[in-house]
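Structure, as structure tokens:
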Amino acid sequence: MDGPAVDGPAINPTAIDRPETLARLAALAAQNTLYATAIEQIALGLCMFDAQDRLVVANRRYLDIWGLPESLGRPGTPFAAIMAATRGTEVLLDSAEHGPPVDRSKPGRRRREWQIDDGRVVAVNVTRLPGGACVALHEDITDRRHAENRIVHLARHDGLTDLANRAWLAEVMLRQLPRAQRGEPLAVLCLDLDRFKAVNDTLGHAAGDALLQQVAGRLRDSVRESDTLARLGGDEFAVLQVGTAQPEGAAVLGQRLIDTLGQPFQLDGHRVRIGVSIGVATAPRDGDRPDTLLKHADMALYRAKAAGRGVLRYFEPGMDAGPSASPAAVLDLFAG
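For the sequence shown, the residue numbers in this note's numbering are 663 to 998.
Quick look at the structure:
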């Protein structure tokens, strides 16, 4: 690829054979070679366009990032021709302006991120120079985005089951609660596995973890995509149910969960039966904050556990006055 042209003092053609002129030409050629080599060594894709949107210089990395033929990297190539070669292969992900809005009449900078059709993400930093010329740096940030997305995912999900964690469930609830205020009730179902402790005690924690993963799989198959399924910790799970009439919707879903988790599990050759107890709170009736709804659903769950295994209970205002279960029922709660 031709290197960038370098302007220098005017040379008299009639004096081309003078030693000082030849030395000056050699110096310019060496300088051009140095610039071209430096541009090719840049890890980022680089391109420059003049005020008429004609390519001044582009390095190999720029062509490789966008899958452009070498012919489009020649000086003088119109920007429109390059865009035509890439059109349809990318989607604008983000556009963040730095400083004043950038237009052809004002110098400025902007950054954009593009999703390429092969899954790569490319960040483009464009600097518009006085007079209309521009310089752009192109960087493949796919690995960085994947790492960032992974970090975000880990912060929002349970490491064992890959379900949403308590913090992410609370964020989703916070976004969904305004719907309840507009007359679209939602329900929070808190689930606690029955007889899970016995599995850990008899088969070991590895079997307990495998059981939790199987439970998560059955729960995923039992809820809708619009619902949010979370592991709160230990053997406790929760479902945020939206877009369904309440309390009927929670009753139907709750019974489905009781039925599916009541079926036997296979753990390393052992046939295991557990079960689930469920407490339900609905919004806006039982609260308008994530922490309030989770607290009330947990109170209802406490009553469900005290009443016997495989039971669903709704929150009632009197529940926050204190437990009313018998001592035997309370012991049964902690034995499951």
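We treat Cβ as the ideally placed atom computed from N, Cα and C, and that holds for glycine.
Return helix, strand or coil for residue i, following the three-state DSSP convention.
| i | result |
| --- | --- |
| residue 877 | helix |
| residue 718 | strand |
| residue 732 | helix |
| residue 846 | coil |
| residue 973 | coil |
| residue 908 | coil |
| residue 739 | coil |
| residue 895 | strand |
| residue 944 | strand |
| residue 949 | coil |
| residue 797 | strand |
| residue 708 | strand |
| residue 978 | coil |
| residue 885 | coil |
| residue 959 | helix |
| residue 713 | coil |
| residue 870 | helix |
Tell me, which residues are paired with residue i by DSSP?
| i | result |
| --- | --- |
| residue 939 | 854 |
| residue 727 | Answer by DSSP bridge pairing: none, since residue 727 is not bridged. |
| residue 802 | 784 |
| residue 929 | 932 |
| residue 903 | 849 |
| residue 819 | 826 |
| residue 916 | Note: residue 916 sits in no beta bridge, so no partner. |
| residue 864 | Beta-bridge pairing links residue 864 to no other residue. |
| residue 890 | 902 |
Which whole-angstrom value describes the C-beta separation of residue i and residue j, a residue pair presumed to lie in contact below a C-beta threshold of 8 Å?
| i | j | result |
| --- | --- | --- |
| residue 872 | residue 825 | Actually they do not touch by this definition, with Cβ atoms about 15 Å apart. |
| residue 789 | residue 849 | No, residue 789 and residue 849 are not in contact; Cβ-Cβ is about 53 Å, not under 8 Å. |
| residue 942 | residue 974 | 7 Å |
| residue 856 | residue 937 | 4 Å |
| residue 932 | residue 839 | Not quite, the Cβ-Cβ distance comes to about 42 Å (not below 8 Å), so this is no contact. |
| residue 894 | residue 828 | 5 Å |
| residue 805 | residue 784 | Incorrect: roughly 12 Å between the Cβ atoms, too far for contact. |
| residue 963 | residue 939 | 6 Å |
Residue i to residue j, Cα distance in whole Å?
| i | j | result |
| --- | --- | --- |
| residue 793 | residue 755 | 29 Å |
| residue 760 | residue 771 | Unreliable positioning characterises residue 760 in this predicted model, as indicated by a pLDDT of 41, which lies under 50. A coordinate reading is not provided. |
| residue 851 | residue 899 | 8 Å |
| residue 882 | residue 714 | 57 Å |
| residue 814 | residue 854 | 27 Å |
| residue 725 | residue 704 | 13 Å |
| residue 979 | residue 903 | 21 Å |
| residue 817 | residue 966 | 31 Å |
| residue 743 | residue 835 | 49 Å |
| residue 716 | residue 841 | 52 Å |
| residue 925 | residue 822 | 22 Å |
| residue 935 | residue 897 | 15 Å |
| residue 773 | residue 885 | 40 Å |
| residue 843 | residue 958 | 18 Å |
| residue 831 | residue 946 | 17 Å |
| residue 768 | residue 746 | 25 Å |
| residue 808 | residue 781 | 11 Å |
| residue 923 | residue 971 | 12 Å |
| residue 880 | residue 779 | 34 Å |
| residue 775 | residue 729 | 17 Å |
| residue 901 | residue 732 | 55 Å |
| residue 921 | residue 811 | 36 Å |
| residue 961 | residue 777 | 47 Å |
| residue 870 | residue 706 | 49 Å |
| residue 712 | residue 787 | 16 Å |
| residue 741 | residue 727 | 16 Å |
At least three beta-carbon pairs within less than 8 Å, the segment 903-918 to the segment 862-877: Contact between the segment 903-918 and the segment 862-877 is absent, because fewer than three Cβ pairs lie under 8 Å.
Contact between the segment 942-959 and the segment 855-874 (3+ Cβ pairs under 8 Å): no
Cβ contact (3+ pairs, closer than 8 Å) linking the segment 914-923 and the segment 791-808: Remark: fewer than three beta-carbon pairs, one from each stretch, lie closer than 8 Å, so the segment 914-923 and the segment 791-808 are not flagged as touching.
Three CB pairs or more closer than 8 Å across the segment 707-721 and the segment 729-738: yes
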